[in-house]
């Protein structure tokens, strides 16, 4: 959290409000958000797809009209794609161009294609804003010691 606070302080400074240019310059905060989505996808199973024709996947024959579920949770924790996949390590995204848009299959928290989540258009930017806004008032929250347990409740 200290690293995120430091970045927000550097980018926002003493300005009274955060603007879109600031959001674009908060690279480490974006890494933290990507790592959160990687470890805890919004929907662990993506919308089911129906195979339009007979195909072969990984040596398995899949007949037409078969419905497939894509397990985003498992893909995003795949050891062949991620070093230390079970650890929260946001620095893995610092020099990594992986994005949410479906170009990189190892990170697909919003799904891909026509059936992808419409939240992709505004969700990540809104998260950057909603995290950075209160943290930009470090004097306000700096004295509060809030802790969050793993299940997401404040303690």
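Numbering (the numbering used here), first residue to last: 2 to 156.
C-beta: ideal position from N, C-alpha, C; glycine also.
Remember, it's a predicted structure, so these values are computed and weren't measured experimentally.
**Study point:** Buried or exposed (CB count within 10 angstroms, at least 16 for buried), residue 2
**Key:** The residue labelled residue 2 in the question sits at position 1 within the chain shown. Counting Cβ neighbours within 10 Å, residue 2 comes out exposed, since fewer than 16 surround it.
* List the residues that DSSP assigns as beta-bridge partners of residue 63. => Reading the chain shown from its first residue, position 62 is the one you call residue 63. As a beta-bridge residue in DSSP terms, residue 63 pairs with 56.
query: Near residue 26, which residues of its chain fall below 6 Å by C-beta distance, leaving aside the five closest residues on each side in sequence?
result: By one-based count along the chain shown, residue 26 stands at place 25. Excluding sequence neighbours, residue 26 sits near 12.
What does a CB cutoff of less than 7 Å around residue 33 pick up in its chain, not counting 5 residues either side in sequence?
If you number the chain shown from 1, residue 33 lands on position 32. Cβ contact annotation for residue 33 (same chain, cutoff 7 Å, sequence separation greater than five): 5 and 91, in chain order.
* Go through its chain and collect everything with a Cβ distance to residue 129's Cβ below 8 Å, but skip five positions before and after it. => The count along the chain shown starts at 1 and reaches residue 129 at position 128. 24, 27, 30, 31 and 34, listed in sequence order.
Taking the alpha helix (DSSP H) that residue 10 belongs to, which residues open and close that run?
Numbered from 1 along the chain shown, position 9 holds the residue referred to as residue 10. According to the DSSP assignment, residue 10 belongs to the alpha helix (DSSP H) that extends over 3-13.
Cβ pair residue 77, residue 108 closer than 8 Å: Along the chain shown, read from residue 1 onward, the residue named residue 77 stands at position 76. Along the chain shown, read from residue 1 onward, the residue named residue 108 stands at position 107. Less than 8 Å divides the Cβ of residue 77 from the Cβ of residue 108.
Query raised in the report: Can you name, in chain order, every residue of its own chain whose Cβ lies under 7 Å from the Cβ of residue 40, other than the five neighbours on each side?
Result: As a working note, residue 40 is residue 39 in the chain shown. If we look at residue 40 and ignore the five residues flanking it on each side, its Cβ neighbours are 89.
*asked:* DSSP three-state label for residue 26, please.
replied: In the chain shown, counting from the first residue as 1, residue 26 sits at position 25. Residue state for residue 26 is assigned as coil, using DSSP reduced to three classes.
> Who are residue 46's beta bridge partners in DSSP?
Replying inline: Walking along the chain shown from the start, residue 46 turns up at place 45. According to DSSP, residue 46 bridges with 72.
**Prompt:** How should residue 70 be labelled, buried or exposed, when 16 other C-beta atoms within 10 angstroms of its C-beta is the threshold for buried?
**Reply:** In the chain shown, the residue the question calls residue 70 occupies position 69. It is exposed - the Cβ of residue 70 has fewer than 16 other Cβ atoms within 10 Å.
>> Any contact between the segment 37-55 and the segment 100-117? By contact I mean 3 or more CB pairs, one from each, below 8 Å.
In response: The segment 100-117 and the segment 37-55 touch, with three or more beta-carbon pairs separated by less than 8 Å.
Within its chain, find whatever has a CB closer than 7 Å to the CB of residue 125; leave out the 5 residues flanking it on each side and keep chain order.
Locating residue 125 in the chain shown gives position 124, counting from the first residue. Within the same chain, residue 125 has close Cβ partners 34 and 101.
**Message:** Counting C-beta neighbours from all protein chains within 10 Å, is the total for residue 81 16 or more, i.e. buried, or is it exposed?
**Reply:** For the purposes of this step, residue 81 is taken as residue 80 along the chain shown, with counting starting at 1. Around the beta-carbon of residue 81, fewer than 16 other beta-carbon atoms lie within 10 Å, marking it exposed.
Rounding to the nearest angstrom, what Cα-Cα distance links residue 55 and residue 127 in this structure? By one-based count along the chain shown, residue 55 stands at place 54. By one-based count along the chain shown, residue 127 stands at place 126. Between the C-alpha atoms of residue 55 and residue 127 there is a straight-line separation of about 41 Å.
C-alpha gap between residue 14 and residue 134, whole angstroms: On the chain shown, residue 14 is found 13 positions in, with the first residue counted as 1. On the chain shown, residue 134 is found 133 positions in, with the first residue counted as 1. Straight-line measurement puts the Cα of residue 134 at about 12 Å from the Cα of residue 14.
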